[in-house]
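Participant: So the protein lines, in turn, are chains A and B. Taking the working numbering, the leading residue of the first sequence gets 177, the next gets one more, and so forth. Taking the working numbering, the leading residue of the second sequence gets 177, the next gets one more, and so forth. Here a beta-carbon is modelled for each residue, glycine too, at the ideal position from N, C-alpha and C. Here the structure is a predicted model, which is why all the values come from computation and not from measurement.
Protein chains: 2
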Amino acid sequence: MRPYDERLDHFLSRAAKVFADQGYHSTTMRDLAAATGMSLAGMYYYVRGKEELLHRIQERCFTRVLAGAEATLAALGSGHADPVDRLQAFIRHHVTFFAANLAETKVLSHEANSLTGERHRKVNAIKRRYVDLLESLLRDVAPDEPAVERSAAAYALFGMMNWIYNWYDPAGEIDPERLAGLIARVFIGGFADARSPSPVHGG
Amino acid sequence: MRPYDERLDHFLSRAAKVFADQGYHSTTMRDLAAATGMSLAGMYYYVRGKEELLHRIQERCFTRVLAGAEATLAALGSGHADPVDRLQAFIRHHVTFFAANLAETKVLSHEANSLTGERHRKVNAIKRRYVDLLESLLRDVAPDEPAVERSAAAYALFGMMNWIYNWYDPAGEIDPERLAGLIARVFIGGFADARSPSPVHGG
DNA sequence: GCATAGTTCGAACGATCGTTCGAATATGGA
DNA sequence: TCCATATTCGAACGATCGTTCGAACTATGC
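1. Contact defined as beta carbons within less than 8 Å: I believe residue 313 (chain B) pairs with residue 266 (chain B). What is the distance between those atoms, to the nearest angstrom?
2. Using three-state DSSP, classify residue 369 (chain B) as helix, strand or coil.
3. Using only the alpha-carbon positions, how far apart do residue 263 (chain A) and residue 352 (chain A) sit?
4. At what residues does the alpha helix (DSSP H) containing residue 210 (chain A) begin and finish?
5. In terms of alpha-carbon separation, which member of A:337, A:335 and A:308 lies closest to residue 323 (chain A)?
6. CB-CB under 7 Å to residue 327 (chain A), same chain, minus the five flanking residues each way: which ones, in chain order?
7. If you check the beta carbons only, do residue 365 (chain B) and residue 365 (chain A) fall under 8 Å apart?
8. Decide yes or no for the touch test of the segment 272-284 of chain B against the segment 340-355 of chain B: beta carbon pairs closer than 8 Å, at least 3 of them.
9. Give the secondary structure of residue 361 (chain B) by DSSP, where H, G and I count as helix, E and B as strand, and everything else as coil.
10. Do the segment 282-296 of chain B and the segment 191-204 of chain B make contact, defined as three or more Cβ pairs closer than 8 Å?
11. When you compare the segment 354-368 of chain B with the segment 332-344 of chain B, are there three or more beta-carbon pairs, one atom per stretch, that lie closer than 8 Å?
12. Short check: CB of residue 358 (chain A) to CB of residue 325 (chain B), under 8 Å?
13. Applying the criterion that 16 or more other CB atoms from any shown protein chain within 10 Å of the CB defines a buried residue, is residue 199 (chain B) buried or exposed?
14. Can you tell me which of the three DSSP states residue 292 (chain A) falls into?
15. Taking the alpha carbon of residue 187 (chain B) as the point to measure from, which residue in B:257, B:202 and B:223 has its own alpha carbon closest?
16. Which class does residue 322 (chain B) belong to by DSSP, given the choice of helix, strand or coil?
17. Counting contacts by CB-CB distance shorter than 8 Å, is residue 328 (chain B) in contact with chain A?
18. With H, G and I counted as helix, E and B as strand and the rest as coil, what does DSSP make of residue 346 (chain A)?
19. Among B:206, B:362 and B:299, whose alpha-carbon lies nearest the alpha-carbon of residue 321 (chain A)?
20. Go ahead and label residue 341 (chain B) buried or exposed: buried means 16 or more other beta carbons lie within 10 angstroms of its beta carbon, across all protein chains shown.
21. Using alpha carbons as the reference points, say which of A:180, A:244, A:300 and A:237 lies closest to residue 189 (chain A).
22. Quick one: does the C-beta of residue 265 (chain A) sit closer than 7 Å to a heavy atom of the ligand SAH?
23. In chain A, which residues lie less than 7 Å from residue 267 (chain B) when you measure between Cβ atoms?
24. Reducing DSSP to helix, strand and coil, say where residue 312 (chain A) ends up.
25. Taking only beta-carbon positions, decide if residue 332 (chain B) is within less than 8 Å of chain A.
26. Against residue 202 (chain A), what residues of chain B qualify as contacts under a CB-to-CB distance less than 9 Å, listed in chain order?
27. If contact means a Cβ-Cβ distance below 9 Å, which residues of the segment 338-352 of chain B contact chain A?
28. Which word fits residue 215 (chain B), buried or exposed, when buried means at least 16 other C-beta atoms lie within 10 angstroms of its C-beta?
29. Mind checking which residues open and close the alpha helix (DSSP H) that includes residue 183 (chain B)?
30. Relative to the C-alpha of residue 306 (chain B), which candidate in B:295, B:294 and B:269 has its C-alpha closest?
31. Taking CB distances under 8 Å as the criterion, tell me whether residue 180 (chain B) reaches chain A.
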């Protein structure tokens, strides 16, 4: 069953590109058929319907993001690295991943509420784990910050990072690494360094 | 013709709420009829069609945002206020406006590409003026920063501020003023203070 | 009370949507 | 070569969409 899985994967990637360009709701199954070279009916051999297609795209992408972030942090050593370094690594991973997978991550961010029922709940469960991961990092970085402000800061950081699907051009002047460095510098400089003026750069 | 304008305004506000809750494309004209108490055909007396409805909502909201920002800056004095204070005032106005008009500003942000043709171009023209305004503020705040990084920082700030439609709850623990203060603190502390460690707070 | 303009709406139209179904074709071991 | 399974697809279905049209209702000046 290898060729089947490969064709499904290719189908998901192509569909993600179309969803990213036109939006989920204004993309028709006929658009997807034209973009993938398959026939209208042929797509239903790989996917139960349009909403399951979106679900598979989002779940596949979000699982990779979460696993990648955990692997990045694990590579830093078992918990006794500098909290600021760990936060910086998280930001760098998120931004570079989103910049390298603009179509999929745009579908993830922009169509976050286009799923319904059980499928919506499943994707939200992954999101919860990912948000919790960042909040635990912020707790280590700024333990004296009020919880309300720390939670809002987490969403502010996600805003900076996720918003790039609205403007970032991979062919433009700023490369993903530099963008990640800028966002990390802004957030860490503004949030983490507010109280403890320890050196940040050069992990 | 006063009652006509009032009913149109009320119609736009109601429709904006529905667009914000369900999304533009999955909202049907029948949904809007039910939410406004009008009949399906009756709405076409006030609006040429569904897309013009979205256009009027976005243009009305964006015009207010731009005018409000300009008025806020003008109130600070004719150009010889501290650049950091001017940036802080811009951020505070943006965040409090967005928090106070969550439905309209969500439609503005999330449905930014749901318009087509001339209508899309018109709204983008206002957006351009608004982005240029922030970039001019950043130029005064950090004149030594490379232009590429300054432009990316502008979008990062917009990301922080616009993303709130995805998570902010006005009935929650953090009020708009405090949220604006947090975002201003993070961005100014991380971006503007990177080189010139001048005092920021207390304007 | 009547004419005019302003406003509302029931009913229907054509278009397009997601999905289905059975037949047609390709694939691979015996 | 033949059969069973895997895969593809043309054609159509019912549902729902945005929009239209002409009639009906309302308000106002005379």
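Facilitator: In short:
1. One-based indexing of the second sequence puts residue 313 (chain B) at position 137. One-based indexing of the second sequence puts residue 266 (chain B) at position 90. Under the criterion of beta carbons closer than 8 Å, residue 313 (chain B) and residue 266 (chain B) qualify as touching, at roughly 6 Å.
2. Looking up residue 369 (chain B) in the second sequence gives position 193. Three-state DSSP puts residue 369 (chain B) in a helix.
3. If you number the first sequence from 1, residue 263 (chain A) lands on position 87. If you number the first sequence from 1, residue 352 (chain A) lands on position 176. If you draw a straight line from the Cα of residue 263 (chain A) to the Cα of residue 352 (chain A), it comes to about 17 Å.
4. What you label residue 210 (chain A) is simply residue 34 of the first sequence in a count that begins at 1. Segment 205-212, the alpha helix (DSSP H) holding residue 210 (chain A).
5. Along the first sequence, one-based indexing puts residue 323 (chain A) at 147. Residue 323 (chain A) has its Cα closest to that of A:308, out of A:337, A:335 and A:308.
6. For the purposes of this step, residue 327 (chain A) is identified with residue 151 of the first sequence, where counting begins at 1. 311, listed in sequence order.
7. Within the second sequence, numbered from 1, the residue matching residue 365 (chain B) stands at position 189. Within the first sequence, numbered from 1, the residue matching residue 365 (chain A) stands at position 189. Here residue 365 (chain B) is near residue 365 (chain A), since their CB atoms are less than 8 Å apart.
8. yes
9. Here residue 361 (chain B) corresponds to residue number 185 of the second sequence, with the count starting at 1. Residue 361 (chain B) falls in the helix class under three-state DSSP.
10. yes
11. yes
12. For this step, residue 358 (chain A) is matched to residue 182 along the first sequence. For this step, residue 325 (chain B) is matched to residue 149 along the second sequence. The answer is yes: Cβ separation under 8 Å.
13. Sequence index remark: in the second sequence, residue 199 (chain B) carries index 23 (1-based). So residue 199 (chain B) ends up on the buried side.
14. Residue numbering aside, residue 292 (chain A) sits at position 116 when the first sequence is read from its first letter. When secondary structure is reduced to three states using DSSP, residue 292 (chain A) falls in the coil class, being assigned neither helix nor strand.
15. As a working note, residue 187 (chain B) is residue 11 in the second sequence. Looking at the Cα atoms, B:223 is the closest of the given residues.
16. Numbered from 1 along the second sequence, position 146 holds the residue referred to as residue 322 (chain B). It is coil, neither helix nor strand.
17. Sequence index remark: in the second sequence, residue 328 (chain B) carries index 152 (1-based). Yes, its Cβ sits closer than 8 Å to a Cβ of chain A.
18. Indexing the first sequence from 1 puts residue 346 (chain A) at position 170. Coil at residue 346 (chain A), not helix or strand.
19. Here residue 321 (chain A) refers to the residue found at position 145 when the first sequence is read from its first residue. With distances taken between Cα atoms, residue 321 (chain A) lies closest to B:362.
20. Mapped onto the second sequence, residue 341 (chain B) falls at position 165. Per the 10 Å Cβ criterion, buried.
21. Numbered from its first residue, the first sequence carries residue 189 (chain A) at position 13. Ranking A:180, A:244, A:300 and A:237 by Cα distance to residue 189 (chain A) puts A:237 first.
22. Among the components modelled here there is no ligand, and therefore nothing to report on the ligand SAH.
23. The residue given as residue 267 (chain B) occupies position 91 in the second sequence. Ordered by position in chain A, no residue passes the 7 Å Cβ test against residue 267 (chain B), which lies about 11 Å from the chain.
24. Residue mapping note: residue 312 (chain A) aligns to position 136 of the first sequence, counting from 1. Reduced to three states, the DSSP call for residue 312 (chain A) is helix.
25. Counting from one through the second sequence, the residue named residue 332 (chain B) turns up at place 156. Output row for residue 332 (chain B): interface = yes.
26. If you number the first sequence from 1, residue 202 (chain A) lands on position 26. Result: 201 and 290.
27. 338, 339, 340, 342, 343, 344, 348, 349 and 350
28. What you label residue 215 (chain B) is simply residue 39 of the second sequence in a count that begins at 1. Residue 215 (chain B) comes out exposed.
29. To locate residue 183 (chain B), count along the second sequence from 1; it is residue 7. Counting along the chain, the alpha helix (DSSP H) containing residue 183 (chain B) begins and ends at 178-198.
30. Residue 306 (chain B) sits at position 130 when you count from the first residue of the second sequence. Ranking B:295, B:294 and B:269 by Cα distance to residue 306 (chain B) puts B:269 first.
31. For the purposes of this step, residue 180 (chain B) is identified with residue 4 of the second sequence, where counting begins at 1. Closer than 8 Å: no.
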